[in-house]
């Protein structure tokens, strides 16, 4: 049996694959980078799912279109339509953001000597973007927008579009509870965490209490530990 290739940063696509266990579905990635590196959706596109990537950076959109066979919305998901300044973290582009945040900028500068560039990008409500692309019945939505999470979530009408699973990056280690409280207000509950990502589903969804989640997490954990162990052994041998 052929070994599956997964691409997500912390095994999210592996876990999602185990949860959904189907070859057709729909998924959305808000914040797409180059479309492959650390992507939560690329595996599912190859499986036959319909995927949409929402990405405001023109260079990334061109890259995504060249390597992916999915819908690409070249726009910033937000809570309203308009135009905003977008800060491009040259050298560490995955940290590019719509948020003018000194702490985040300091983090960028600690990782790259290149300047932070400012460009103007268009914004639209997330639900308008989804409706324009016919994305209503969504299996999972993943959001990686470097501090812009609340604006993205506020631009979605959960009574109209309710993804079964929503994965949201949170680098605050749980200190910032704003997103969690918002998700609870729209009847979602956090049921797991992988790396810096929180997972949400409807409170009555079977995924919330599924033992399958635990089994898959243990597999991912054991795989990571084994890789680190092998790396340690190799480094000791070189010495």
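Numbering (the numbering used here), first residue to last: 562 to 800. Glycine included, each C-beta is placed from N, C-alpha and C at the ideal position.
Secondary structure within the stretch 566–606: the alpha helix (DSSP H) runs of 4 or more consecutive residues, fully enclosed, are 573–581 (chain order).
Here residue 643 is bridged, per DSSP, to 684. Residue 630 counts as exposed, since fewer than 16 other beta carbons sit within 10 angstroms of its beta carbon.
Apart from the 5 residues on each side of it in sequence, residue 608 sits with its Cβ closer than 7 Å to the Cβ of 584 in its chain, given in chain order. When rounded, the separation of the alpha-carbon atoms in residue 762 and residue 679 is 35 Å.
Looking from the CA of residue 598, the closest CA among 586, 573, 579 belongs to 573. For residue 726, same chain residues with a beta-carbon under 6 Å away, outside a window of 5 residues either side, are 701, 762 in chain order. Taken through DSSP and simplified to helix, strand or coil, residue 669 comes out as helix. Buried is the label assigned to residue 569, since at least 16 other Cβ atoms lie within 10 Å of its Cβ. Residue 718 is positioned such that its CB atom lies no closer than 8 Å to that of residue 640. Residue pairing by DSSP leaves residue 631 without any beta bridge partner. Within the stretch 722–747, the complete beta strand (DSSP E) segments at least 3 residues long are 726–730, listed from N- to C-terminus. Apart from sequence neighbours up to five positions away, the residues of its chain that approach residue 651 with a beta-carbon distance below 8 Å are 673, 675, 676, 677, 678, ordered along the chain. Across the structure, residue 642 and residue 635 are spaced so that their CA atoms are roughly 13 Å apart.
Each residue's CA atom was taken as its position, placing residue 600 and residue 593 some 7 Å apart. Residue burial is scored here from C-beta neighbours: residue 684 has at least 16 other C-beta atoms within 10 angstroms and is therefore classed as buried.
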